[in-house]
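Here's the structure, in structure tokens; my notes come after.
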Amino acid sequence: MIPGRRLLILATLMVGISCVLVAVPGAMFYGYALLAVLGVVAAVDLLSAWKMTPSIQMRRVLPGRFALGVRQVVGLVLRQDGRRTLAIELFDGVPDRSDVEGFPWHGQLPPAQDLHVRYEIGFDERGEVPFGRACVMVDSPLGLWQRRLWVGDEEVVKVYPNYKPVLDMALLAMDSRRDEMGLRYMRRAGASREFLQLRDYQLGDGLNTVDWKATSRFHRLISREYEEQRNQTLIFMLDSGRRMRAMDHGLPQFDHCLNAILLVAYVALNQGTQVGVLGFGEGVNWLPPVKGVQAMPRLLNHLFNAETTMSPSDYDEAATQLMVRQKRRAMVVMLTNLRGESPRELLRPLTVLKQKHHVVVASLREQRVEEMRNAAVGSAADGVRAAAAHLYVAERRKVAAEMDALGVPLVDATAHDFPVALANRYLADRARGAM
Numbered sequence: 001m002i003p004g005r006r007l008l009i010l011a012t013l014m015v016g017i018s019c020v021l022v023a024v025p026g027a028m029f030y031g032y033a034l035l036a037v038l039g040v041v042a043a044v045d046l047l048s049a050w051k052m053t054p055s056i057q058m059r060r061v062l063p064g065r066f067a068l069g070v071r072q073v074v075g076l077v078l079r080q081d082g083r084r085t086l087a088i089e090l091f092d093g094v095p096d097r098s099d100v101e102g103f104p105w106h107g108q109l110p111p112a113q114d115l116h117v118r119y120e121i122g123f124d125e126r127g128e129v130p131f132g133r134a135c136v137m138v139d140s141p142l143g144l145w146q147r148r149l150w151v152g153d154e155e156v157v158k159v160y161p162n163y164k165p166v167l168d169m170a171l172l173a174m175d176s177r178r179d180e181m182g183l184r185y186m187r188r189a190g191a192s193r194e195f196l197q198l199r200d201y202q203l204g205d206g207l208n209t210v211d212w213k214a215t216s217r218f219h220r221l222i223s224r225e226y227e228e229q230r231n232q233t234l235i236f237m238l239d240s241g242r243r244m245r246a247m248d249h250g251l252p253q254f255d256h257c258l259n260a261i262l263l264v265a266y267v268a269l270n271q272g273t274q275v276g277v278l279g280f281g282e283g284v285n286w287l288p289p290v291k292g293v294q295a296m297p298r299l300l301n302h303l304f305n306a307e308t309t310m311s312p313s314d315y316d317e318a319a320t321q322l323m324v325r326q327k328r329r330a331m332v333v334m335l336t337n338l339r340g341e342s343p344r345e346l347l348r349p350l351t352v353l354k355q356k357h358h359v360v361v362a363s364l365r366e367q368r369v370e371e372m373r374n375a376a377v378g379s380a381a382d383g384v385r386a387a388a389a390h391l392y393v394a395e396r397r398k399v400a401a402e403m404d405a406l407g408v409p410l411v412d413a414t415a416h417d418f419p420v421a422l423a424n425r426y427l428a429d430r431a432r433g434a435m
């Protein structure tokens with residue numbers, strides 16, 4: 001129980017009046033009387049608050065999933081079993097790593113009725129985050145005191161990568177809207193495709209794969225599946241070392257790569273390709289290849305709490321681990337951030353991987369560097385920044401040339417273009433039978 005604002009104001013006022021009465025001969029009695037009355041009233045109000053405060057129940061209404069960087073609505077439902085309306089001040093136990101508005105919340109909690117409170121919350125980090133119990137400050141009947149109550153339960157929620165743009169792009173991947181998305185679906189030239197089986201139509205199947213006789217017979221869309229579609233595998237090697245911590249438009253490069261993985265994985269799973277992930281940094285985090293769009297939740301749950309480390313990545317160990325874990329040929333996409341020293345670090349592991357797999361290196365190009373390179377030069381500092389940006393771009397071009405000399409395709413794009421560029425690389429290599 002703590003003094004309320006009303007009690008503090010009254011006490012300050014009484015003390016001020018008493019100080020004035022000190023200067024009036026024979027008037028101190030009235031000052032003491034006022035203080036005594038205030039003390040008695042405060043004591044009665046305190047006792048009433050202690051005895052008459054009812055129990056309060058609270059439950060949270062949470063979204064199905066939280067997405068990184070997206071503000072979402074959380075609902076609170078409060079109910080009390082008393083007979084009088086309570087004036088309350090409410091603080092929810094929001095996680096430390098969150099951006100929230102609307103607290104403290106002030107209002108009235110009527111008896112035997114549900115009170116609904118809604119607020120928006122956003123997270124700037126992925127992973128598991130805890131909600132603590134909510135704090136409710138209940139005013140005493142006269143408002144002179146506040147009693148603190150802890151209500152509700154502690155809960156742990158998961159913050160996933162922002163997959164909404166991925167879902168939007170996936171919807172655009174339908175035949176009639178591929179040009180809008182930027183994906184280029186290509187026929188596999190010169191490849192023999194043996195018929196394997198009939199199956200239900202999946203998002204992303206071309207109209208030329210629909211078996212219209214079977215469709216009319218079963219009254220639902222049926223597609224033909226071929227052997228070459230069934231036996232392909234796509235493995236993402238995700239660098240989680242310190243070079244992936246660089247920020248790009250409010251998100252680490254690592255998170256931009258996660259978003260690209262989700263898009264390409266969705267497209268690949270719709271194409272009948274198996275998708276696996278090997279994360280490497282201080283250690284190795286392996287998700288064996290999964291198949292079918294129904295495997296997307298498993299992929300999300302594997303990636304939602306992936307984090308970068310402060311240590312440099314061991315590319316040799318990552319390549320060795322992948323060769324041990326993935327025996328069959330696959331398209332291996334290594335997502336990293338290339339630097340001038342990268343070819344020396346990647347030469348041996350890429351050579352090892354190429355013995356069995358089709359290897360692609362995907363590097364995210366910093367948009368900020370592009371902006372610095374193209375910015376107008378108005379001072380010496382601007383000139384230094386522009387020169388550094390040009391030098392950086394020249395080093396990346398040299399790295400790209402060295403990747404080409406190794407026979408390793410390179411996807412090099414900014415965060416905005418990276419997901420579609422990577423998806424087009426997958427579709428092009430799949431179409432020409434490189435997988």
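Last residue of the sequence shown: number 435 in the UniProt record's numbering, and the count goes up by one each step with no gaps. C-beta: ideal position from N, C-alpha, C; glycine also.
Asked, Found
"Does the count of Cβ pairs from the region 314-325 and the region 269-286 closer than 8 Å reach three?", "yes"
"Put A428 into one of helix, strand or coil per three-state DSSP.", "helix"
"Closer than 8 Å is the cut-off here; do at least three beta carbon pairs connect the region 355-375 with the region 306-315?", "no"
"With DSSP collapsed to three states, give me the class of G39.", "helix"
"CB-CB under 6 Å to A260, same chain, minus the five flanking residues each way: which ones, in chain order?", "F418, P419 and L422"
"Taking DSSP's pairing of strands, which residues face E89 in a bridge?", "H106 and M137"
"Take L62 and list the residues in its own chain whose beta-carbon comes closer than 7 Å to its own, dropping the five residues that flank it on each side.", "V74 and V157"
"Could you check whether V44 and G122 sit closer than 8 Å to each other, using their CB atoms as the reference points?", "no"
"Please classify R396 as buried or exposed, where buried requires at least 16 other C-beta atoms within 10 Å of its C-beta.", "buried"
"Would you mind working out which of N285, N162, R430 and V360 sits nearest L410, comparing C-alpha positions?", "V360"
"Is it true that the region 287-294 meets the region 270-277, where meeting means three or more beta-carbon pairs spaced less than 8 Å apart?", "yes"
"So if DSSP puts E155 in a beta bridge, which residue, or which two residues, is it bridged to?", "F131"
"Less than 8 Å between C-beta atoms, sequence neighbours within five positions excluded: which residues of the same chain meet that for R325?", "L278, W286 and P288"
"Compute the Euclidean distance between the alpha carbons of G407 and R365, then round it to the nearest angstrom.", "21 Å"
"According to DSSP, is N374 part of a helix, a strand, or is it coil?", "helix"
"Just verifying my parser: in three-state terms, what is the DSSP assignment at Q232?", "coil"
"In whole angstroms, what is the alpha-carbon distance linking P3 and W50?", "13 Å"
"Who are the near neighbours of E154 in its chain, counting only those whose CB is closer than 8 Å to its CB and skipping five residues on each side?", "G93, P130, F131, G132 and R133"
"Give me the residue from A428, F29 and L8 with the minimum Cα distance to A42.", "L8"
"By Cβ distance, which residues of its chain are closer than 7 Å to P110, with the 5 residues on each side in sequence left out?", "T85"
"Contact between the region 332-340 and the region 236-255 is defined here as three or more beta-carbon pairs at a separation below 8 Å; is this criterion met?", "yes"
"Below 8 Å on the Cβ atoms is my contact criterion, and I expect M58 with V77 to pass it. Report the Cβ-Cβ distance as a whole number of Å.", "7 Å"
"At the level of alpha carbons, what is the spacing between L299 and V151?", "35 Å"
"Does DSSP classify F123 as helix, strand or coil?", "strand"
"Could you have a look at E402 and say whether DSSP puts it in helix, strand or coil?", "helix"
"Is the beta carbon of S55 closer than 8 Å to that of D81?", "yes"
"Since Y426 and V267 should fall inside the 8 Å C-beta cutoff, what is the C-beta to C-beta distance between them, to a whole number of angstroms?", "7 Å"
"With distance defined between alpha-carbon atoms, name the residue in T233, R224 and G127 nearest to A214.", "R224"
"Which of the three DSSP states, helix, strand or coil, is assigned to H358?", "strand"
"Throw me the rounded Cβ distance for the E89 and M137 pair, which I believe falls under 8 Å.", "4 Å"
"Does the distance from the CB of D404 to the CB of M331 come in under 8 Å?", "no"
"First and last residue of the beta strand (DSSP E) that includes R60?", "I56 to V61"
"To the nearest angstrom, how far is it from the Cα of Q253 to the Cα of M247?", "6 Å"
"Tell me the DSSP bridge mates of D200?", "I222"
"How many Å lie between S363 and R199 at the Cα?", "36 Å"
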